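Reviewing the structure listed below.
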Amino acid sequence: MTVRKVKRIWRANNVRARIPNTGGLFYRGQPSVYEVPRFSGTNAIFAGSIWIGGLVDGSLRVAAARYTQTEMWAGPIDDSGNPPENCNEYDHVYSVRRIDIGDYEASGLITEDLRLWPTGLGAPTLDANGNQIDLMSQLLSNRVSRRINLAAGERPAIRGDQSIWWVMNDRGNEHKSTDTPPLGIEVHGHAFAAYYPTSAINNATLYHYRIFNKNAVPITEAYVGVFLNVDLGDFDDDYIGADTSRGMGFVYNGDNFDDNQWGYGTAPPALGSMFLQGPVADSDLKDNDGDGLVDEQGERLRTTTIGYWQGGGGYDTGPTSGEQYYQYLMGEWRDGRHFTFGGDARNFSSTPTNFVFPGDPVTREFWSEMNVDGLGTPNEPGDRIFFISSGPFSIDPGENTDFTFAIVWARGRDHLDSVIELRKAADHVRSAFELGAWDNPILIPEDPVPAAPNLSAALADNFPEPFSEKTTIRYRVPHLADVHLVVLDVLGREVTVLVSEPQGVGDYSISFNGTDLPSGVYFYRIEIGHASATRSMMLVK
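Numbering-wise (the working numbering), the sequence shown opens with residue 165 and increments by one.
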């Protein structure tokens, strides 16, 4: 099949992130990968991806990604278990924002992704009554050609203020990273974020994955993992930790200054990742979700391993085979030895553990990188890679399971206060998720929804109108904000980006040159912060 890698850029809140459809999450390059704060020029993550491993008919199968070694390809798997012969038709990452839906209802402007929202492929969709369309009925109803029916009242069931959705599979090509046969899975990815400038949610991004077993036999002893090569600003001065009460792996700076041109400078932040909802657990006579009940219907797993490795060679380098990926997911080093308590999680003791550095670095109590031996001895800061995983679980033939995780960022008065603020942010994000706040923003706990200003008066008519070659677009910025001004055609496709940068209060004008475009109606649309406005213009030749 054709191998391509489509990426979309997130710009819903204070995070600017690049989302591909390959099983990866981020990989450093231009434009930014995981930039927080947005437009700061500083990245909090160098690379990220998801890992999925398990047994198919007793044989180990792994689909994993690190950097450019990805093992997912665009498109679904058909009822015969085959991926698309050519993935070009599916090689798309759909991005819809809440303001896109509002603009359509107010002006009739339909962005390309809104028009093409792939309801038949499983993209979450609401019917005219606001109810979620049943997923399995979507997948059984003409998958390829079934697009959203906006005229009938259907709308994308986006979460937060921007949703990015894609479909991929692990059968489309060779597994060169893990060197295993494919698991035979179709995966639906859904990344989302919300804009709340006074809340920790503004610095968080969430990810939901649904895994479909397309085999004739179960997938057993399965694990999912989230790999993050964090590089928190400067890559060479970090520590990692495991917050077991929150199920969160996290990274923080080794001192109070993050050096070099990539760094955050004084009082560097902290970043963490946690499962908000793990896969559905097997019946195993365990209380996997900690609610006091055993094997209840739909019981969810929590984070079961928080591990790490560091740059360099030897046992503490990342995996290079399917067996090694799977060992990490289970809490083992690449040579099969289990993580152990104390020191660097290998040679200090023989006590096995699935949570590396679970102590409190702020108080230096228990085992952390600030206290590796119980005597207060710190580690040397350096390049850290951490992962979280959840398992084991099973997926029967034709069935599916799903999981959701968050990436949270916070900054305090110093590098250790940032850890304290990260805990608060993680609690806030989890509370909001459990309340369903990304589906219904008014449920954000203790955080009022900021009113979006009316921008209709801020965007003036273009002049001249109609125009034959060039026209001038004028607008007013009412407050310091990120400004995004684009021109779209009548199908909602982006013709050009005129402005995409922070701008201060004032009146602005910019020229648009339509010399190379055909005659017709075009739209120009401005976004200032969280608000938008759209006007039409006519090019006549």
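All C-beta atoms, glycine included, are put in the ideal place defined by N, C-alpha and C. All figures in this text were calculated on a predicted structure; none of them were measured in a lab.
Just reading off the beta strand (DSSP E) that residue i is part of, what are its end residues?
| i | result |
| --- | --- |
| Arg464 | Per DSSP, Arg464 belongs to no beta strand (DSSP E) and is neither H nor E. |
| Tyr371 | Ala368 to Asn377 |
| Leu703 | Ala695 to Leu703 |
| Asp277 | Here Asp277 belongs to no beta strand (DSSP E); instead the alpha helix (DSSP H) covers Glu276 to Leu280. |
| Pro184 | Arg180 to Pro184 |
| Arg689 | Gly684 to Ile692 |
| Asp459 | Where Asp459 is concerned, there is no enclosing beta strand (DSSP E), given that its DSSP letter is neither H nor E. |
| Tyr231 | Counting along the chain, Tyr231 falls outside any beta strand (DSSP E), and DSSP gives it neither H nor E. |
| Leu623 | That residue, Leu623, is in no beta strand (DSSP E); it is neither H nor E in DSSP. |
| Gly710 | Since the displayed the chain opens at 165 and closes at 705, residue 710 lies outside it and no answer follows. |
Note the first and the last residue of the continuous alpha helix (DSSP H) segment covering residue i.
| i | result |
| --- | --- |
| Gln296 | No alpha helix (DSSP H) contains Gln296, which DSSP labels as neither H nor E. |
| Tyr268 | Arg262 to Ser271 |
| Ile584 | Asp581 to Glu598 |
| Met494 | Gly486 to Met494 |
Can you tell me whether residue i is buried or exposed, with buried defined as 16 or more other CB within 10 angstroms of its CB?
| i | result |
| --- | --- |
| Glu658 | exposed |
| Gly600 | exposed |
| Val613 | Unreliable positioning characterises Val613 in this predicted model, as indicated by a pLDDT of 38, which lies under 50. The coordinate reading is nonetheless provided below. Under this definition Val613 is an exposed residue. |
| Asp343 | exposed |
| Leu493 | buried |
| Thr527 | exposed |
| Ala412 | It is Met, not Ala, that sits at residue 412 in the sequence shown. Flag for Met412 reads buried. |
| Leu655 | exposed |
| Ala292 | exposed |
| Leu285 | buried |
| Leu396 | buried |
| Ala181 | buried |
| Leu457 | exposed |
| Pro282 | buried |
| Asp407 | buried |
| Ser223 | exposed |
| Ala315 | exposed |
| Thr541 | exposed |
| Phe687 | buried |
| Asp398 | buried |
| Ile608 | Because Ile608 carries a pLDDT of 48, less than 50, the predicted location of this residue cannot be relied on, and the following value inherits that uncertainty. Ile608 is buried by the Cβ-count criterion. |
| Val167 | With a pLDDT of only 41 at Val167, under the threshold of 50, the placement of this residue in the model should not be trusted, and no figure is reported. |
| Glu610 | Only weak support exists for where Glu610 lies, its pLDDT of 43 falling under 50; the value from the coordinates is given anyway. Glu610 should be labelled exposed. |
| Tyr380 | Looking at the sequence itself, residue 380 is Ala, so the reference to Tyr does not match. Ala380 should be labelled exposed. |
| Gly684 | exposed |
| Ser558 | buried |
| Arg699 | buried |
| Met702 | exposed |
| Asp298 | exposed |
| Met534 | buried |
| Asn424 | exposed |
| Ile606 | Bear in mind that the predicted position of Ile606 carries a pLDDT of just 49, short of 50, making it unreliable; the figure below should be weighed with that in mind. Exposed, since its Cβ has fewer than 16 Cβ neighbours within 10 Å. |
Spell out the partners DSSP gives residue i in its beta bridges.
| i | result |
| --- | --- |
| Gln667 | Ala645 |
| Ser259 | Ile328 |
| Gly388 | A quick correction: the sequence has Val, not Gly, at residue 388. Ile216 and Ser554, per the DSSP bridge assignment. |
| Arg640 | Asp671 |
| Asp221 | For Asp221, which the question treats as bridged, DSSP gives no partner whatsoever. |
| His352 | Val331 and Arg374 |
| Pro516 | Thr504 |
| Asp407 | Met412 |
| Met438 | Met412 and Ala570 |
| Lys634 | Asn677 |
| Arg310 | Partner(s): none; Arg310 has no beta bridge. |
| Tyr428 | Tyr428 is not bridged to any residue. |
| Trp473 | Ile549 |
| Asp402 | Asn417 and Gly546 |
| Phe627 | Thr636 |
| Val444 | Arg464 |
| Arg319 | Leu290 |
At a threshold of 7 Å, does residue i count as lining the ligand ATP (C-beta to nearest heavy atom)?
| i | result |
| --- | --- |
| Ile241 | The ligand ATP is absent from the structure shown, which contains no ligands of any kind. |
>> Whether or not the stretch 626-634 and the stretch 645-664 are in contact is what I'm after, with contact meaning three or more pairs of Cβ atoms, one per stretch, closer than 8 Å; do they touch?
In response: Result no; under three Cβ-Cβ pairs closer than 8 Å.
> At a cut of 8 Å, does the stretch 579-596 reach the stretch 374-386 through at least three beta carbon pairs?
Replying inline: No: the two stretches stay apart, fewer than three of their Cβ pairs being nearer than 8 Å.
> Touch check for the stretch 380-399 and the stretch 209-225: three-plus C-beta pairs under 8 Å?
Replying inline: With the rule of 3 Cβ pairs closer than 8 Å, the stretch 380-399 counts as touching the stretch 209-225.
> Within the chosen definition, does the stretch 454-461 reach the stretch 504-511 through at least 3 CB pairs nearer than 8 Å?
Replying inline: Note that the stretch 454-461 does not touch the stretch 504-511; fewer than 3 beta-carbon pairs, one per stretch, sit closer than 8 Å.
>> With three or more C-beta pairs closer than 8 Å as the rule, is the stretch 328-345 touching the stretch 511-530?
In response: Here the stretch 511-530 makes no contact with the stretch 328-345; the two share fewer than three CB pairs at distances below 8 Å.
> If we count Cβ pairs, one from each stretch, closer than 8 Å, do we get three or more for the stretch 233-252 versus the stretch 269-276?
Replying inline: Not touching, per the Cβ criterion.
>> Pairs of beta-carbons, one from the stretch 172-191 and one from the stretch 325-340, closer than 8 Å: are there three or more?
In response: Touching, yes, given that three or more Cβ pairs across the two stretches are closer than 8 Å.
> Using 8 Å as the threshold, is the stretch 320-328 in touch with the stretch 348-355, meaning 3 or more CB pairs across them?
Replying inline: Here the stretch 320-328 lies against the stretch 348-355, with 3 or more beta-carbon pairs under 8 Å apart.
> Can we say the stretch 561-572 touches the stretch 434-448, given the rule of at least three CB pairs closer than 8 Å?
Replying inline: Contact holds: three or more Cβ-Cβ distances are below 8 Å.
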